[in-house]
Amino acid sequence: MKAKLSLIDEKSFTEMSSLVSKNLALLASSLNVIQDNISIGAFAPIAKEPLWHLNLSEEIERLTAYPANSANIDKMTFRWARMSDLIIRKDFGFEILGPPLESPEVIPGLVLIPGLVFTERGERLGRGKGFYDKYLSHYLGIKIGICFSEQLEATLPTEKHDVTLDYIVTDKKIINCKHAK
209 MKAKLSLIDE
219 KSFTEMSSLV
229 SKNLALLASS
239 LNVIQDNISI
249 GAFAPIAKEP
259 LWHLNLSEEI
269 ERLTAYPANS
279 ANIDKMTFRW
289 ARMSDLIIRK
299 DFGFEILGPP
309 LESPEVIPGL
319 VLIPGLVFTE
329 RGERLGRGKG
339 FYDKYLSHYL
349 GIKIGICFSE
359 QLEATLPTEK
369 HDVTLDYIVT
379 DKKIINCKHA
389 K
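Taking the working numbering, the leading residue of the sequence shown gets 209, the next gets one more, and so forth.
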(Lines of atoms letter the chains of each structure in order from A and count residues from 1; the text may use other names and numbers.)
(Lines give C-alpha, C1' and ligand atoms only; values in the text may rest on other atoms or scores of the structure.)
Protein backbone atom coordinates (compact mmCIF):
# COMPACT_ATOMS: atom_id res chain seq x y z
CA MET A 1 0.00 0.00 0.00
CA LYS A 2 2.88 2.39 0.73
CA ALA A 3 4.11 1.93 -2.84
CA LYS A 4 0.60 2.53 -4.20
CA LEU A 5 0.25 5.75 -2.19
CA SER A 6 3.67 6.96 -3.28
CA LEU A 7 2.44 6.96 -6.90
CA ILE A 8 -0.20 9.63 -6.20
CA ASP A 9 1.04 12.89 -7.75
CA GLU A 10 0.96 16.10 -5.69
CA LYS A 11 -2.01 17.66 -7.51
CA SER A 12 -4.15 14.54 -7.07
CA PHE A 13 -2.96 14.18 -3.48
CA THR A 14 -4.08 17.73 -2.64
CA GLU A 15 -7.42 17.33 -4.44
CA MET A 16 -8.12 14.00 -2.74
CA SER A 17 -7.09 15.42 0.64
CA SER A 18 -9.46 18.33 0.12
CA LEU A 19 -12.32 15.89 -0.51
CA VAL A 20 -11.42 13.90 2.62
CA SER A 21 -11.48 17.15 4.59
CA LYS A 22 -14.87 18.15 3.17
CA ASN A 23 -16.33 14.75 4.04
CA LEU A 24 -14.85 14.98 7.53
CA ALA A 25 -16.51 18.39 7.96
CA LEU A 26 -19.84 16.83 6.92
CA LEU A 27 -19.45 13.99 9.43
CA ALA A 28 -18.40 16.42 12.18
CA SER A 29 -21.52 18.45 11.48
CA SER A 30 -23.78 15.37 11.62
CA LEU A 31 -22.16 14.38 14.94
CA ASN A 32 -22.71 17.90 16.34
CA VAL A 33 -19.01 18.24 17.14
CA ILE A 34 -19.05 22.04 17.32
CA GLN A 35 -22.45 22.38 19.00
CA ASP A 36 -21.56 19.80 21.66
CA ASN A 37 -17.96 21.05 22.02
CA ILE A 38 -16.56 17.54 21.40
CA SER A 39 -12.77 17.39 21.63
CA ILE A 40 -11.00 15.83 18.65
CA GLY A 41 -7.93 13.63 18.92
CA ALA A 42 -6.26 14.43 15.61
CA PHE A 43 -2.97 13.50 13.95
CA ALA A 44 -0.36 15.38 11.96
CA PRO A 45 -0.26 13.62 8.57
CA ILE A 46 2.94 11.89 7.45
CA ALA A 47 3.99 10.03 4.29
CA LYS A 48 0.97 10.50 1.99
CA GLU A 49 -1.61 10.42 4.77
CA PRO A 50 -4.60 12.61 3.82
CA LEU A 51 -4.38 16.27 4.78
CA TRP A 52 -7.67 15.96 6.67
CA HIS A 53 -7.52 19.54 8.03
CA LEU A 54 -7.60 21.49 4.72
CA ASN A 55 -11.28 22.56 4.76
CA LEU A 56 -12.10 22.56 8.44
CA SER A 57 -13.32 25.62 10.29
CA GLU A 58 -11.65 27.59 13.06
CA GLU A 59 -14.30 26.16 15.40
CA ILE A 60 -13.08 22.64 14.64
CA GLU A 61 -9.41 23.60 14.99
CA ARG A 62 -9.97 24.96 18.49
CA LEU A 63 -11.26 21.52 19.52
CA THR A 64 -8.16 19.57 18.39
CA ALA A 65 -5.57 17.73 20.42
CA TYR A 66 -2.62 15.74 19.06
CA PRO A 67 -0.81 12.56 20.13
CA ALA A 68 2.10 12.88 22.52
CA ASN A 69 4.26 10.57 24.54
CA SER A 70 6.06 12.33 27.34
CA ALA A 71 7.66 9.48 29.23
CA ASN A 72 6.53 6.01 28.25
CA ILE A 73 6.81 4.85 24.63
CA ASP A 74 3.87 2.48 25.18
CA LYS A 75 1.41 5.13 26.35
CA MET A 76 -0.01 7.58 23.86
CA THR A 77 -1.91 10.60 25.19
CA PHE A 78 -3.48 13.63 23.52
CA ARG A 79 -2.63 17.25 24.28
CA TRP A 80 -4.50 20.39 23.22
CA ALA A 81 -2.91 22.15 20.25
CA ARG A 82 -3.68 23.73 16.92
CA MET A 83 -1.91 22.50 13.81
CA SER A 84 0.15 25.73 13.76
CA ASP A 85 1.38 25.06 17.34
CA LEU A 86 2.87 21.64 16.57
CA ILE A 87 6.61 21.13 16.87
CA ILE A 88 8.96 18.43 15.60
CA ARG A 89 9.22 15.68 18.20
CA LYS A 90 10.50 12.11 18.41
CA ASP A 91 7.84 10.80 20.78
CA PHE A 92 7.17 7.63 18.86
CA GLY A 93 10.68 6.73 17.73
CA PHE A 94 10.69 8.90 14.60
CA GLU A 95 10.29 12.59 13.78
CA ILE A 96 6.68 13.74 13.73
CA LEU A 97 4.82 16.94 14.47
CA GLY A 98 3.37 16.89 17.96
CA PRO A 99 2.07 19.23 20.64
CA PRO A 100 4.32 21.00 23.12
CA LEU A 101 4.55 18.94 26.33
CA GLU A 102 3.30 21.90 28.36
CA SER A 103 -0.03 21.68 26.51
CA PRO A 104 -2.79 20.28 28.75
CA GLU A 105 -3.65 16.61 28.34
CA VAL A 106 -7.17 15.66 27.23
CA ILE A 107 -9.18 12.51 26.59
CA PRO A 108 -10.85 13.33 23.27
CA GLY A 109 -14.51 12.64 22.56
CA LEU A 110 -13.57 11.40 19.11
CA VAL A 111 -10.30 10.30 17.56
CA LEU A 112 -9.16 10.59 13.95
CA ILE A 113 -7.10 7.52 13.13
CA PRO A 114 -4.56 7.10 10.34
CA GLY A 115 -3.64 3.77 8.80
CA LEU A 116 -2.41 2.01 5.69
CA VAL A 117 -5.44 -0.17 4.89
CA PHE A 118 -9.08 -0.15 6.05
CA THR A 119 -12.23 -2.18 5.41
CA GLU A 120 -15.78 -0.85 5.34
CA ARG A 121 -16.44 -2.94 8.48
CA GLY A 122 -14.04 -0.67 10.38
CA GLU A 123 -11.01 -2.93 10.41
CA ARG A 124 -7.65 -1.18 10.17
CA LEU A 125 -4.04 -1.98 9.44
CA GLY A 126 -1.72 0.63 10.93
CA ARG A 127 1.94 1.31 10.28
CA GLY A 128 3.14 -1.50 12.53
CA LYS A 129 4.12 0.28 15.75
CA GLY A 130 0.83 -0.39 17.58
CA PHE A 131 0.43 3.05 19.21
CA TYR A 132 -3.17 3.51 18.10
CA ASP A 133 -4.04 -0.15 18.77
CA LYS A 134 -2.91 0.22 22.38
CA TYR A 135 -4.71 3.53 22.80
CA LEU A 136 -7.94 2.30 21.23
CA SER A 137 -8.03 -0.86 23.36
CA HIS A 138 -9.28 1.27 26.29
CA TYR A 139 -10.89 4.14 24.38
CA LEU A 140 -14.67 4.56 24.63
CA GLY A 141 -15.25 7.55 22.32
CA ILE A 142 -15.98 7.79 18.60
CA LYS A 143 -13.31 6.27 16.34
CA ILE A 144 -12.95 7.69 12.81
CA GLY A 145 -10.52 6.25 10.26
CA ILE A 146 -9.07 8.73 7.76
CA CYS A 147 -7.87 7.47 4.37
CA PHE A 148 -8.12 7.69 0.61
CA SER A 149 -10.58 5.39 -1.18
CA GLU A 150 -7.58 3.52 -2.66
CA GLN A 151 -6.77 2.35 0.86
CA LEU A 152 -10.03 0.42 1.24
CA GLU A 153 -9.84 -3.36 0.87
CA ALA A 154 -12.56 -6.00 1.03
CA THR A 155 -10.91 -7.93 3.86
CA LEU A 156 -8.06 -7.69 6.33
CA PRO A 157 -6.66 -10.31 8.66
CA THR A 158 -7.69 -9.37 12.19
CA GLU A 159 -7.02 -10.61 15.68
CA LYS A 160 -9.24 -10.75 18.76
CA HIS A 161 -7.70 -7.63 20.29
CA ASP A 162 -8.21 -5.47 17.16
CA VAL A 163 -10.64 -2.61 17.73
CA THR A 164 -13.04 -1.73 14.92
CA LEU A 165 -13.76 1.86 13.96
CA ASP A 166 -17.13 3.58 14.02
CA TYR A 167 -16.67 5.55 10.79
CA ILE A 168 -14.23 5.83 7.91
CA VAL A 169 -13.89 9.05 5.95
CA THR A 170 -12.39 8.91 2.45
CA ASP A 171 -12.23 11.26 -0.52
CA LYS A 172 -15.31 9.54 -2.00
CA LYS A 173 -17.55 8.71 0.94
CA ILE A 174 -18.30 8.55 4.63
CA ILE A 175 -18.73 4.98 5.84
CA ASN A 176 -20.76 4.15 8.93
CA CYS A 177 -18.96 0.95 9.91
CA LYS A 178 -21.72 -0.07 12.32
CA HIS A 179 -24.04 -0.49 9.33
CA ALA A 180 -21.43 -2.31 7.22
CA LYS A 181 -20.88 -5.28 9.56
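Note that the Cβ used here is the ideal one computed from N, Cα and C, for glycine as well.
Using the Cα positions of LYS380 and PHE326, report the straight-line distance between them to the nearest angstrom.
The residue you call residue 380 lines up with position 172 of the sequence shown. The residue you call residue 326 lines up with position 118 of the sequence shown. The straight-line gap from Cα to Cα measures roughly 14 Å.
Between which two residues does the alpha helix (DSSP H) containing TYR343 stretch?
Here residue 343 is taken as the residue at index 135 of the sequence shown, counted from 1. Per DSSP, TYR343 belongs to the alpha helix (DSSP H) from 339 to 344.
Let me check one thing: in DSSP terms, what residues is VAL319 bridge-paired to?
Locating residue 319 in the sequence shown gives position 111, where the first residue counts as 1. BP columns for VAL319 point to GLY249 and LYS351.
Short of 8 Å in beta carbon distance, which residues of its chain neighbour ARG290, apart from the five on each side in sequence? Order them along the chain.
Taking the first residue of the sequence shown as position 1, residue 290 is located at position 82. For ARG290, where only same-chain residues beyond five positions count, the Cβ hits under 8 Å are GLU269, ARG270 and THR272.
Using a Cβ distance threshold of 8 Å, determine whether the region 332 to 339 contacts the region 214 to 227, with at least three qualifying pairs required.
No: the two stretches stay apart, fewer than three of their Cβ pairs being nearer than 8 Å.
Using the beta-carbon count (16 or more within 10 Å), is PRO322 buried or exposed?
As a first step, residue 322 is located in the sequence shown; it is residue number 114 there, counting from the start. PRO322 should be labelled buried.
Is it buried or exposed, ALA236, if we count other Cβ atoms within 10 angstroms and call 16 or more buried?
In the sequence shown, residue 236 corresponds to position 28, counting from 1. Buried.
What separation, rounded to the nearest whole angstrom, lies between the Cα atoms of VAL314 and LYS230?
Within the sequence shown, the letter at position 106 stands for residue 314. Within the sequence shown, the letter at position 22 stands for residue 230. Roughly 25 Å between the two C-alpha positions.
Per DSSP, LEU360 forms a beta bridge with which residues?
Here residue 360 corresponds to residue number 152 of the sequence shown, with the count starting at 1. In the DSSP output, where bridge partners are listed per residue, LEU360 has PHE326.
The ligand GTP and ARG297: does any heavy atom of the ligand fall closer than 8 Å to the residue's C-beta?
Among the components of this structure there are no ligands whatsoever, and the ligand GTP is therefore not found.
Within 10 angstroms of the Cβ of HIS261, are there 16 or more other Cβ atoms? Answer buried if so, exposed if not.
What you label residue 261 is simply residue 53 of the sequence shown in a count that begins at 1. HIS261 is buried by the Cβ-count criterion.
Rounded to the nearest angstrom, what separates SER311 and ILE295 at their Cα positions?
Mapped onto the sequence shown, residue 311 falls at position 103. Mapped onto the sequence shown, residue 295 falls at position 87. When rounded, the distance between both Cα atoms is 12 Å.
Thinking C-beta only, is ILE246 closer than 9 Å to PRO183?
As displayed, the chain neither begins before 209 nor continues past 389, which places residue 183 out of reach and without an answer.
Determine the contact status of ARG332 and ASP374, defining contact as a CB-CB distance below 9 Å.
For the purposes of this step, residue 332 is taken as the residue at position 124 of the sequence shown. For the purposes of this step, residue 374 is taken as the residue at position 166 of the sequence shown. Not in contact: ARG332 and ASP374 (Cβ atoms no closer than 9 Å).
Can you give me the C-alpha to C-alpha distance between VAL377 and ILE304, rounded to a whole angstrom?
Translated into the one-based positions of the sequence shown, residue 377 becomes position 169. Translated into the one-based positions of the sequence shown, residue 304 becomes position 96. The straight-line gap from Cα to Cα measures roughly 22 Å.
Only counting the same chain, and skipping five residues up and downstream in sequence, which positions put a Cβ closer than 8 Å to that of ASP341?
In the sequence shown, residue 341 corresponds to position 133, counting from 1. GLY334, HIS369, ASP370 and VAL371.
From LEU364 to ASN384, what does the alpha carbon distance come to, in whole angstroms?
In the sequence shown, counting from the first residue as 1, residue 364 sits at position 156. In the sequence shown, counting from the first residue as 1, residue 384 sits at position 176. Each residue's alpha carbon lies about 18 Å from the other.
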